[in-house]
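Beneath this line is the structure, given in structure tokens, with notes to follow.
Residue numbers (my numbering): 1055 to 1195.
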């Protein structure tokens, strides 16, 4: 279903070690613009754009402006005003899982990433990560 673009991939604990295979299948459907990927509604939106929709499951891409740890929470901000810009939030527990995958969320300032999840509103749009495969570093083009 992912390969044909009929569903979107949402990582969770039940997926186990096959996340990369599932992400690859979805990426092939995206590249071929099959199924859901024909519609502009499912295309990744820009983190600094106006297409972020609270209450929707979205894929968001952009360049991390700053990465900060406050208490046990990490915030990745995508513009200067952290009170209103798009933010990715993750816990210290999830940070440890990223570190095991040799990715430090706190080193992502200036990096292009793509995240997927439910967009919430808390002063500005944000996605709270619950699984490491919700965030991918993007190649520079």
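Here a beta-carbon is modelled for each residue, glycine too, at the ideal position from N, C-alpha and C.
Spatial neighbours of residue i within its chain, please: C-beta separation below 7 angstroms, excluding the five flanking residues on both sides.
i: residue 1077; result: 1063 and 1187
i: residue 1179; result: 1106, 1108, 1140 and 1173
i: residue 1149; result: 1128 and 1159
i: residue 1042; result: Beyond the ends of the chain as shown, which are 1055 and 1195, falls residue 1042; an answer cannot be given.
Is it right to say residue i is buried, meaning 16 or more other beta carbons lie within 10 angstroms of its own, or is it exposed?
i: residue 1083; result: buried
i: residue 1170; result: buried
i: residue 1101; result: buried
i: residue 1124; result: exposed
Looking only at its own chain, which residues have a Cβ that is under 6 angstroms from the Cβ of residue i, when we skip the five neighbours before and after it?
i: residue 1115; result: 1098 and 1168
i: residue 1119; result: 1131, 1132 and 1133
i: residue 1111; result: 1172
i: residue 1182; result: 1143
i: residue 1061; result: 1055
Going straight from the alpha carbon of residue i to that of residue j, what length do you get?
i: residue 1156; j: residue 1122; result: 18 angstroms
i: residue 1160; j: residue 1144; result: 11 angstroms
i: residue 1152; j: residue 1158; result: 6 angstroms
i: residue 1136; j: residue 1185; result: 23 angstroms
i: residue 1176; j: residue 1193; result: 29 angstroms
i: residue 1056; j: residue 1093; result: 15 angstroms
i: residue 1088; j: residue 1095; result: 13 angstroms
i: residue 1090; j: residue 1059; result: 5 angstroms
i: residue 1071; j: residue 1103; result: 33 angstroms
i: residue 1191; j: residue 1065; result: 16 angstroms
i: residue 1079; j: residue 1165; result: 24 angstroms
i: residue 1146; j: residue 1073; result: 22 angstroms
Kindly say whether residue i, judged by its beta-carbon, lies nearer than 7 angstroms to any beta-carbon of chain D.
i: residue 1179; result: No chain D appears in this structure, which consists of one protein chain only.
With a CB to CB cut of under 8 angstroms and the five nearest residues on each side skipped, what residues in its chain are close to residue i?
i: residue 1199; result: Look at the range of the chain in this structure, 1055 to 1195, and you will see that residue 1199 is not part of it.
Just to confirm the assignment: which complete alpha helix (DSSP H) runs, minimum length 4, are found wholly within the region 1069-1154? Within the region 1069-1154, the complete alpha helix (DSSP H) runs of at least 4 residues fall at 1073-1086 and 1146-1154.
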